[in-house]
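Colleague: Numbering (full-length UniProt numbering), first residue to last: 1 to 272. Don't be surprised by glycine CBs; every beta carbon is placed ideally from N, CA and C. I have a structure I would like to understand better, so I am pasting it below and will then ask my questions one at a time.
Below you can see the structure in the form of structure tokens.
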């Protein structure tokens, strides 16, 4: 299914089941399909599960504009209004975690009951004088260059650190790697290129401080994409009602590789 938002962009979404709505926000450069393990699990638990493809990603329009955090949040607001979501729980992975917090802070206060941030880019990734532990711009520029000039191969290579497949004893799933690549290559290169700035340079500090609902922060301590020390603990500290669960050895892509653990912890939080 698709909705057309105010600038004419078509946003694709899946909407299954009935009950309290859970809205899933995917990471860069993926699609709503990255939530398969959660959509099936929570559907069977009696929830209504919704996952959209961010503009420029997956099956949504591949326009050249609007690939920034404010527009991502505005798109979510239009989708939530169109579906008339109330008492919703928004769950975001990586870039999607930033999208969740920006949406709630700007638009979602009356529609959202709780939120979950998984391996999220909050509060800010980019290294600066005020964020000395952050990711250097040179690292992000390399991701930009590879996305712009070498995307098919770069996306294959990126799955290795994403899922911790470069760690000793890792059980590598070629199917998971192929599915990541499939999702990535469905999206538009311009959206992916611009999205790097969106996920790495946006400062969510004030958004995090302003959110009053319960927020569960889940982060793997062996995250090689969004390092644990600069994200999970800092985001949880800024939240008025935040709870942090950290996982020794878990990778960035833990909703897929560690779905049983992640799903159980989200369910406990939802039901608490």
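Where does residue 116 fall in DSSP's three states?
Modeller: Strand, per DSSP.
Colleague: Looking at the structure shown, is residue 111 part of a helix, part of a strand, or coil, going by DSSP?
Modeller: In the three-state reduction of the DSSP assignment, residue 111 falls in the coil class, being assigned neither a helical nor a strand state.
Colleague: Given a cut-off of 8 Å, decide if residue 32 and residue 58 are closer than it, judged by their beta-carbon atoms.
Modeller: yes
Colleague: Could you check what DSSP says for residue 10 in three-state terms: helix, strand or coil?
Modeller: If DSSP states are grouped into helix, strand and coil, residue 10 belongs with the strands.
Colleague: Got a sec: is the Cβ-Cβ distance from residue 210 to anything in chain D below 8 Å?
Modeller: Annotation note: the requested chain D is absent from the structure, which comprises a single protein chain.
Colleague: Any contact of the segment 156-176 with the segment 219-227, i.e. 3+ C-beta pairs under 8 Å?
Modeller: yes
Colleague: Would you call residue 138 buried or exposed, if buried means 16 or more other Cβ atoms sit within 10 Å of its Cβ?
Modeller: Residue environment for residue 138: exposed (fewer than 16 other C-beta atoms within 10 angstroms of its C-beta).
Colleague: Whole-angstrom Cβ separation of residue 255 and residue 262, contact assumed at under 8 Å?
Modeller: Right, the Cβ-Cβ distance comes to about 5 Å (below 8 Å), so this counts as a contact.
Colleague: Residues in the same chain with beta-carbon distance under 7 Å from residue 172, minus the five sequence neighbours each way, listed in chain order, please.
Modeller: 165
Colleague: Report whether the distance from the Cβ of residue 244 to the nearest heavy atom of the ligand FMN is below 7 Å.
Modeller: As for the ligand FMN, it is missing from this structure, which has no ligand bound.
Colleague: Among 66, 4, 24 and 168, which one has its Cα closest to the Cα of residue 190?
Modeller: 66
Colleague: With contact counted as at least three CB pairs below 8 Å, one residue from each stretch, are the segment 209-216 and the segment 229-240 in contact?
Modeller: yes
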